[in-house]
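Trainee: Going by this note's numbering, the letters in the sequence shown line up with residues 10 to 279, in that order.
In this text, a Cβ means the ideal position worked out from N, Cα and C, and glycines have one as well.
A quick note: this is a predicted structure, and the numbers were derived from the prediction, not measured.
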Amino acid sequence: MTDKRPIGFIDSGVGGLTVVKEALKQLPNENILYMGDTARCPYGPRPAEQVIKFTWEMTNHLVEQGIKMLVIACNTATAVVLEEIKETLPIPVIGVILPGTRAAVKKTKNKNVGIIGTLGTVKSGAYETALKEKVPELVVTSLACPKFVSVVESNEYHSSVAKKIVAETLTPLLSKNIDTLVLGCTHYPLLRPIIQNVMGENVTLIDSGAETVGEVSMLLDYFEISNSPKNGREICRFYTTGSAKLFKEIAEDWLPIDHIKVEHIDLGGV
Ligand code: DGL
10 MTDKRPIGFI DSGVGGLTVV KEALKQLPNE NILYMGDTAR CPYGPRPAEQ VIKFTWEMTN
70 HLVEQGIKML VIACNTATAV VLEEIKETLP IPVIGVILPG TRAAVKKTKN KNVGIIGTLG
130 TVKSGAYETA LKEKVPELVV TSLACPKFVS VVESNEYHSS VAKKIVAETL TPLLSKNIDT
190 LVLGCTHYPL LRPIIQNVMG ENVTLIDSGA ETVGEVSMLL DYFEISNSPK NGREICRFYT
250 TGSAKLFKEI AEDWLPIDHI KVEHIDLGGV
């Protein structure tokens with residue numbers, strides 16, 4: 010069986026590009042549609058009801074275009090609406106939280122795991138609950154990093170301001186004896202070298218989005234819906250509710266593709 014329909018990826022902004030980057034590598038035959046709700050980013054500080062509404066709007070936009078699988082490439086959305094979308098849609102739907110927890114359980118040696126994420130993700134306790142369900146004796150320290158997303162969205166993730174913000178925000182984690190830190194927001198891998206530098210080389214960083222792509226690959230096999238190498242990737246399309254120009258700049262810096270086509274679309278009110 011070969012299935013040419015695209016895989017859909019959604020995020021509040023450019024964060025899900027960190028997941029797409031991994032998909033381009035691990036799934037070279039798959040067609041990709043990406044939707045980033047940049048105009049309404051960040052989702053992290055918003056009430057859950059709003060995140061649920063916005064996530065459904067993005068989902069419906071991609072479903073109308075005939076996706077065969079949906080990846081909620083946003084931890085904040087995964088935490089509050091994954092189950093509902095999964096139960097409603099007739100296609101496989103995957104979030105980024107469980108794959109990140111599986112990788113953390115595998116990596117930690119001293120059983121001290123750190124989670125960094127948005128206010129919404131940390132408040133939901135989704136990572137902590139999932140980790141403790143797997144290994145009850147894990148010590149989990151969660152920290153919200155509300156300033157990180159805007160540093161990334163404004164394309165300042167290489168700047169000295171970024172270094173200062175990351176160093177100040179992560180200081181409380183340095184005394185926790187953490188050996189594994191989950192990047193529980195898909196925007197954070199863009200800050201990865203800075204985060205690694207602050208945490209030290211003995212701390213293993215887990216990129217929850219990248220871990221997710223391995224599971225997407227497994228699901229494509231399981232449901233027998235992969236595209237064939239004979240067809241290959243024909244579509245890699247990006248939509249944003251914000252500035253197509255800024256989105257394109259970040260996407261071309263981050264992804265190994267030139268001349269990325271980005272289309273602006275409106276989804277609804279803020
Ligand atoms: N990239 C998103 C996440 O993984 C959300 C960032 C935000 O909009 O606050 O949580």
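Using CA coordinates, which residue listed in Ala32, Gly53, Asp275 is at the minimum distance from Pro155?
Mentor: For the purposes of this step, residue 155 is taken as residue 146 along the sequence shown, with counting starting at 1. Cα-wise, what sits closest to Pro155 is Gly53.
Trainee: Over what stretch of residues does the beta strand (DSSP E) that includes Leu192 continue unbroken?
Mentor: What you label residue 192 is simply residue 183 of the sequence shown in a count that begins at 1. 189-192 is the span of the beta strand (DSSP E), which, as asked, contains Leu192.
Trainee: Thinking C-beta only, is Phe247 closer than 8 angstroms to Val271?
Mentor: Here residue 271 corresponds to residue number 262 of the sequence shown, with the count starting at 1. Here residue 247 corresponds to residue number 238 of the sequence shown, with the count starting at 1. Yes. Within cutoff.
Trainee: Among Leu228, Gly218, Val175, whose alpha-carbon lies nearest the alpha-carbon of Gly209?
Mentor: Locating residue 209 in the sequence shown gives position 200, counting from the first residue. Out of Leu228, Gly218, Val175, Val175 has the C-alpha closest to the C-alpha of Gly209.
Trainee: According to DSSP, His273 sits in a beta bridge with which residue or residues?
Mentor: For the purposes of this step, residue 273 is identified with residue 264 of the sequence shown, where counting begins at 1. Beta-bridge pairing links His273 to Thr249.
Trainee: Between Val29 and the ligand DGL, is the CB less than 7 angstroms from at least one heavy atom?
Mentor: Here residue 29 refers to the residue found at position 20 when the sequence shown is read from its first residue. Val29: no, Cβ never under 7 angstroms from the ligand DGL.
Trainee: Rounded to the nearest angstrom, what separates Ala171 and Thr27 at their Cα positions?
Mentor: The sequence position of residue 171 within the sequence shown is 162, counting from 1. The sequence position of residue 27 within the sequence shown is 18, counting from 1. So the two alpha carbons sit approximately 18 angstroms from each other.
Trainee: Among the candidates Tyr197, Gly223, Asp188, whose CA atom is the shortest distance from the CA of His167?
Mentor: Here the question's residue 167 lines up with position 158 in the sequence shown. When each option's Cα is compared against that of His167, the closest is Tyr197.
Trainee: Per DSSP, what kind of secondary structure is Leu71 in: helix, strand or coil?
Mentor: Locating residue 71 in the sequence shown gives position 62, where the first residue counts as 1. In this structure, Leu71 counts as helix in the three-state DSSP scheme.
Trainee: Thinking Gly17 and Val80 are a contact (beta carbons under 8 angstroms), I'd like their distance in whole angstroms, please.
Mentor: Indexing the sequence shown from 1 puts residue 17 at position 8. Indexing the sequence shown from 1 puts residue 80 at position 71. Confirmed, Cβ separation roughly 7 angstroms.
Trainee: Tell me the residue span of the beta strand (DSSP E) that contains Phe157.
Mentor: Residue numbering aside, residue 157 sits at position 148 when the sequence shown is read from its first letter. It is not in any beta strand (DSSP E) - Phe157 instead sits in the alpha helix (DSSP H) that spans 157-162.
Trainee: Taking 7 angstroms as the line, does the beta carbon of His196 fall inside it for any heavy atom of the ligand DGL?
Mentor: Walking along the sequence shown from the start, residue 196 turns up at place 187. Yes, the beta carbon of His196 sits closer than 7 angstroms to at least one heavy atom of the ligand DGL.
Trainee: Spatial neighbours of Asp46 within its chain, please: CB distance less than 7 angstroms, with the 5 preceding and 5 following residues excluded, ordered by chain position.
Mentor: Here residue 46 refers to the residue found at position 37 when the sequence shown is read from its first residue. Contacts found: Ser21, Gly22, Phe63, Met67, Thr250, Leu276.
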